[in-house]
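Peer 1: Below is one structure. I have some questions about it.
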Amino acid sequence: MSEIEFLTFTSEELLVEQNIINLQTVFRDIPRWSSLNALIYISRLREEYSVIISSRQLSESVTLNDIYQIILASK
Numbered sequence: 090m091s092e093i094e095f096l097t098f099t100s101e102e103l104l105v106e107q108n109i110i111n112l113q114t115v116f117r118d119i120p121r122w123s124s125l126n127a128l129i130y131i132s133r134l135r136e137e138y139s140v141i142i143s144s145r146q147l148s149e150s151v152t153l154n155d156i157y158q159i160i161l162a163s164k
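Terminal number for the sequence shown in the numbering used here: 164, no gaps in between.
What follows is the structure, given as structure tokens:
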């Protein structure tokens, strides 16, 4: 998955304009981010890309790049 694919996926899943997010975006600052949406987002990543992100990994992450790096490391 490329950076652009990841950002497109994220913007679609979190219902946010793609032009307002980038890899340095603190994902908890995204208006639609909530604990429920986090679970849905993680589930969708697993469905679409066969990537499992643990709650610990998510809690240790800050930016979208942190999540993207977890995805890259799992491939």
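Virtual Cβ for every residue (Gly too), placed ideally from N, Cα, C.
Quick caveat: nothing in here was measured; it's all calculated off a predicted structure.
1) Out of Leu-153, Ile-160, Lys-164, point me to the one whose CA is closest to Leu-103's CA.
2) Restricting to Cα atoms, I'd like to know which of Val-140, Ala-127, Val-151, Arg-133 is closest to Asn-111.
3) If you follow the alpha helix (DSSP H) that Thr-152 is in, where does it begin and where does it stop?
4) Have a look at the DSSP bridge pairing and note the partners of Val-105.
5) Who are Val-115's beta bridge partners in DSSP?
6) Count Cβ pairs between the region 112-122 and the region 131-141 that sit closer than 8 Å; are there 3 or more?
Peer 2: If we stick to the structure as given:
1) Leu-153
2) Val-151
3) Element bounds for Thr-152: n/a, residue is neither H nor E.
4) Paired residue(s): none; Val-105 is not in a bridge.
5) Thr-152
6) no
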